Amino acid sequence: MKKWEKVKSLYNDGISIRQIAKDMELSRNTVRKWLRSKEFPSYNRTHYPTKIDEYKSQIKEWYLESGYIGARIYRELKKQGYDGSINPIYRYINKLKEKEGGLL
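FYI, in my numbering the residues of the sequence shown are 430 to 533.
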């Protein structure tokens, strides 16, 4: 938000769009877009469903309560019909670790 405010301030001080873009290492199109906007531009990421969504509770149970590691969880999910790769499982396990505060 500070960059957005600074762009507005510099432009109001009479600095050109080109110079603002150069000084702040932004594209001229970004500077123009920010100058046109009345409020700070926000970015909203769209959530797309993943292959592990239906297995998340099972993964959490196995990891936190049974102490299974990622590879074992992957093998067990394959038996239940999971057809994805192991990477989303590890990403979800890392999120679980972060939520637990790294105490695992």
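C-beta atoms are modelled at their ideal positions from N, C-alpha and C, and glycine is treated no differently.
Nothing here was measured: the structure is a model prediction, and the numbers come from that model.
1. On a CA-only basis, which of Lys528, Tyr511 and Ala450 is nearest Asp482? Give me that one, please.
2. Measure the CB-CB distance between Tyr492 and Ile515 and report whether it falls below 9 Å.
3. With a CB to CB cut of under 7 Å and the five nearest residues on each side skipped, what residues in its chain are close to Leu533?
4. In whole angstroms, what separates the C-alpha of Gly443 from that of Val436?
5. Give the secondary structure of Glu505 by DSSP, where H, G and I count as helix, E and B as strand, and everything else as coil.
6. To the nearest angstrom, report how far apart Ile518 and Ser466 are at their CA atoms.
7. Measuring only the C-alpha atoms, how far is Arg504 from Ser486?
8. Do Trp433 and Pro470 have their CB atoms nearer than 9 Å?
Inspection of the coordinates gives the following:
1. Indexing the sequence shown from 1 puts residue 482 at position 53. When only C-alpha atoms are compared, the closest one is Tyr511.
2. In the sequence shown, residue 492 corresponds to position 63, counting from 1. In the sequence shown, residue 515 corresponds to position 86, counting from 1. In this structure, Ile515 does not lie closer than 9 Å to Tyr492 by Cβ.
3. Counted from its first residue, the sequence shown places residue 533 at position 104. With a pLDDT of 49 at Leu533, under the threshold of 50, the modelled position of that residue is not reliable, and the figure given next carries that caveat. Within the same chain, Leu533 has close Cβ partners Lys526.
4. Looking up residue 443 in the sequence shown gives position 14. Looking up residue 436 in the sequence shown gives position 7. Their Cα atoms are separated by approximately 11 Å.
5. Position 76 of the sequence shown holds residue 505. Reduced to three states, the DSSP call for Glu505 is helix.
6. The count along the sequence shown starts at 1 and reaches residue 518 at position 89. The count along the sequence shown starts at 1 and reaches residue 466 at position 37. Those two C-alpha atoms are separated by around 40 Å.
7. Taking the sequence shown and counting its residues from 1, the one referred to as residue 504 is at position 75. Taking the sequence shown and counting its residues from 1, the one referred to as residue 486 is at position 57. Going by the C-alpha atoms only, they are around 16 Å apart.
8. Here residue 433 corresponds to residue number 4 of the sequence shown, with the count starting at 1. Here residue 470 corresponds to residue number 41 of the sequence shown, with the count starting at 1. In contact: Trp433 and Pro470 (Cβ atoms closer than 9 Å).
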